[in-house]
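All remarks here apply to the structure that follows.
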Amino acid sequence: MTRPSDPALGIRFVLIAMVAFAVQDATSKYLAASYPPQFFIMIRYWLFAVFVALLAARRSGGLRAACRTKMPALQVFRGVLLAVQIVIIVISFDHLGLAETQAIFSLHPLLATLLAIPLLGERVGRHRLGAVAVGLAGVLVILRPGPGLFSSGALIALAAAVMMSLYTVTTRLVGRADGSSAPAFFYLGVAGAAALSLIGPFYWTPMLLADIGWLLLHSAVAMAGHYCLIRALEVTEAVRIQPFTYLQMIFAVPIGAFVFGEAVDAWVILGMTLTVGAGLYAIGREYRLMRQAR
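In the numbering used here, the protein residues as written are 2 to 295.
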């Protein structure tokens, strides 16, 4: 039986998720100025693991159903991959800034399009390949080829984008195999927490009481964002809500400028426009093809 679609509810959920993720990014940049990301992201993942376990226990089948997957190794891999990617992008926030990091990171949906060719066996036409090319051009505009092209911050942000694109494709792979989002979400929290627990204790740093509050806020909005995003995907098609995910990058500009005093020049805005425009075109193209296939 086909699950009823409620696009309006899905959009409300994804809008809440994007606001939550914007607060998550801002608090992570604040914490990264004083504490190693490996440390406080580990604490966040401990709380996240408890959250996904409680959520799984409440659902039909409980924890046993959440653990049941046809691709356990890939589930663990993608959980670890996302945890490492989060640490890397927080490091980029500290080195490069929120706005420029998010501008480069916004390339990841287009990179996922390329990875889907060998990993998912998808056929990508000239329109989507053209969108990828425009998106890459947008990133080059942001980086402005020259001495700063291979700056550490830019390379870290690019690495995060590549890792996120691989995470996206592997998530689709396990989703196809299991036919449910429950195992994917469960392994996301548990595998990530286990991986960071192997390295995070070596970076343990005493925290100020006020910063513990910021860490709890950071963890709460991160969990709320992931929960709302999953709820959005449960009530409507991914292609309907994907355009709204670019709001995370748009929110990063004023937060970076007004909260952290980051300078965002016209080249960064132009590059953002090219990358987001290319992404929206690719999403729109996918939506039209999906409707024609019905």
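Ideal placement from N, C-alpha and C gives every residue a C-beta, glycine not left out.
Check your understanding: Near L75, what residues of its chain come up, given a Cβ to Cβ distance below 7 Å and the 5 sequence neighbours on each side ignored?
Key -> Stepping through the sequence shown from its first residue, residue 75 is reached at position 74. Taken in chain order, the residues that qualify are T171, L174 and V175.
Point to revise | Enclosing alpha helix (DSSP H) for Q76 [first to last residue] | key: In the sequence shown, the residue the question calls residue 76 occupies position 75. Taken as a continuous stretch (DSSP letters only), the alpha helix (DSSP H) holding Q76 covers P73 to L97.
Review point. Where R177 and A211 are concerned, what is the direct C-alpha to C-alpha distance, given to the nearest angstrom?
Key: Here the question's residue 177 lines up with position 176 in the sequence shown. Here the question's residue 211 lines up with position 210 in the sequence shown. Rounded to whole angstroms, R177 to A211 spans 44 Å at the Cα level.
Review point. Taking the alpha helix (DSSP H) that I231 falls in, what are its first and last residues?
Key: On the sequence shown, position 230 is the one that residue 231 refers to. Segment L210 to V236, the alpha helix (DSSP H) holding I231.
**Study point:** Length of the line joining the Cα atoms of A20 and R289
**Key:** Within the sequence shown, residue 20 is the residue found at index 19, counting from 1. Within the sequence shown, residue 289 is the residue found at index 288, counting from 1. Reading off the sequence shown, one finds Val at residue 20, where the question assumed Ala. Their Cα atoms are separated by approximately 28 Å.
**Study point:** Which listed residue (A113, R129, I118 and V140) has its alpha carbon closest to that of L167
**Key:** Position 166 of the sequence shown, counting from 1, holds the residue named residue 167. Of A113, R129, I118 and V140, the residue nearest in Cα terms is A113.
Practice item. Would you mind working out which of S61, A196 and I87 sits nearest F22, comparing C-alpha positions? Key: On the sequence shown, residue 22 is found 21 positions in, with the first residue counted as 1. Taking only the C-alpha atoms, the option nearest F22 is I87.
Point to revise | CB of A132 within 8 Å of CB of Y36, strictly | key: Taking the first residue of the sequence shown as position 1, residue 132 is located at position 131. Taking the first residue of the sequence shown as position 1, residue 36 is located at position 35. Not closer than 8 Å, so no.
Point to revise | Delimiting residues of the alpha helix (DSSP H) encompassing W47 | key: As a first step, residue 47 is located in the sequence shown; it is residue number 46 there, counting from the start. From DSSP, the alpha helix (DSSP H) with W47 extends over P38 to R59.
**Study point:** Rounded separation between M43 and R292 - CA only
**Key:** Translated into the one-based positions of the sequence shown, residue 43 becomes position 42. Translated into the one-based positions of the sequence shown, residue 292 becomes position 291. Roughly 42 Å separates the two Cα atoms.
Review point. In whole angstroms, what separates the C-alpha of F40 from that of A253?
Key: Counted from its first residue, the sequence shown places residue 40 at position 39. Counted from its first residue, the sequence shown places residue 253 at position 252. One C-alpha to the other measures close to 23 Å.
Practice item. Rank D95, M208, V85 and F78 by C-alpha distance to the C-alpha of D26 and give the top, closest one. Key: Counted from its first residue, the sequence shown places residue 26 at position 25. It is D95 whose Cα lies nearest to the Cα of D26.
Check your understanding: On the three-state DSSP scale, how would you describe G11?
Key -> Reading the sequence shown from its first residue, position 10 is the one you call residue 11. In the structure shown, G11 sits in a helix (DSSP, three-state: H, G or I).
Check your understanding: Helix, strand or coil for T169 per DSSP?
Key -> Sequence index remark: in the sequence shown, residue 169 carries index 168 (1-based). If DSSP states are grouped into helix, strand and coil, T169 belongs with the helices.
Review point. In chain order, what residues of the same chain have a beta carbon less than 7 Å from the beta carbon of A194, not counting five sequence neighbours either side?
Key: The residue labelled residue 194 in the question sits at position 193 within the sequence shown. So the qualifying residues of the chain are Y46, W47, F49 and A50.
Review point. Does the distance from the CB of V85 to the CB of C229 come in under 8 Å?
Key: Within the sequence shown, numbered from 1, the residue matching residue 85 stands at position 84. Within the sequence shown, numbered from 1, the residue matching residue 229 stands at position 228. The answer is no: Cβ separation not under 8 Å.
Practice item. Return the Cβ separation of V81 and A192 in integer angstroms, given the expectation that the two are a contact with Cβ distance under 8 Å. Key: Locating residue 81 in the sequence shown gives position 80, where the first residue counts as 1. Locating residue 192 in the sequence shown gives position 191, where the first residue counts as 1. The Cβ separation is near 5 Å, so the contact holds.
Point to revise | Alpha-carbon spacing of V140 relative to S29, whole angstroms | key: Locating residue 140 in the sequence shown gives position 139, where the first residue counts as 1. Locating residue 29 in the sequence shown gives position 28, where the first residue counts as 1. Each residue's alpha carbon lies about 23 Å from the other.
Point to revise | Cβ pair M273, A104 closer than 8 Å | key: Locating residue 273 in the sequence shown gives position 272, where the first residue counts as 1. Locating residue 104 in the sequence shown gives position 103, where the first residue counts as 1. Cβ distance < 8 Å, so M273 and A104 count as in contact.
**Study point:** Cβ pair P8, T237 closer than 8 Å
**Key:** The residue labelled residue 8 in the question sits at position 7 within the sequence shown. The residue labelled residue 237 in the question sits at position 236 within the sequence shown. Against a cut-off of 8 Å, the Cβ pair of T237 and P8 comes out as a contact.
Review point. Distance, Cα to Cα, T3 vs G226?
Key: Locating residue 3 in the sequence shown gives position 2, where the first residue counts as 1. Locating residue 226 in the sequence shown gives position 225, where the first residue counts as 1. Residue placement at T3 is flagged as unreliable, the pLDDT there being 47, under the threshold of 50; the coordinate-derived value follows with that caveat. So the alpha carbons of these two residues sit roughly 26 Å apart.
Review point. Can you check whether the CB of S93 is closer than 8 Å to the CB of G154?
Key: Position 153 of the sequence shown, counted from the start, is the residue given in the question as residue 154. Position 92 of the sequence shown, counted from the start, is the residue given in the question as residue 93. Yes.
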